[in-house]
Structures are given as structure tokens and as C-alpha cells.
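Data first, discussion second: the structure below is written as C-alpha cells.
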Amino acid sequence: MNSYIITFEINSNNRTAIEASIISVSSDYCELHNNAWLFTSNKDFKVITNSIFSSLGRNDKVYFSKVVKPYDALLESKAIDYIKSRELV
């Protein structure tokens, strides 16, 4: 199964509430480590982003970026270590 890493950055006065929303929504679809997600499919990412964007205010912004291309599931532990070791925000 392919996996990949997506990071996010929040620019909002309501940062804590948005972070809580991201954690709540994403927990069913992926692993979350320090503002980064470890995904296994594009569909999961779309479900999460649609939910998050629908709850943002006019001045809120959330930026997403793919950190690595798809990699083999056997490398998942290295990816998690990579996420934990990076300062993402």
C-alpha cells in the first residue's frame, strides 16, 4: 500500500480550534504527527480537507504540502521518524 506525507500550516486567530478540528477529522483516516499526516490514499486527504475548509472563517488559511512522493509501506517507520524530527511550523 502506498503512503505519503502531507504537512499543514495554519494561519488564523482561531488556530487552536482549527488544530482540534484537524485532529478530530483526521484520526479516522491517517496518522498525525506534529502538523503532518501520514496518508494511504488521496481519497482520505480529500475527505479531510473538505471538512476542514468548510469550517474555516473568511480570514483563516490552512496550507498543505506534500513532503515526499509515495513510498513503500515498509518505509513507514522511517517516514514517521522523519515527521517527528522535522520542525514543521
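Mapping to my numbering: the sequence shown position 22 is 455, numbers consecutive. Glycine is no exception: its CB is placed at the ideal position from the N, C-alpha and C atoms. All figures in this text were calculated on a predicted structure; none of them were measured in a lab.
Does the distance from the CB of residue i to the CB of residue j come in under 9 Å?
i      : j      : result
Val458 : Val480 : yes
Ile443 : Ile456 : no
Asn447 : Asp477 : no
Going by Cα to Cα distance, which pick from the options is closest to residue i?
i      : options                        : result
Arg491 : Asp477, Ser445, Ile456, Ile455 : Ser445
Phe497 : Thr482, Ser487, Asn447, Leu489 : Thr482
Bridge partners of residue i, per DSSP?
i      : result
Glu442 : Tyr496
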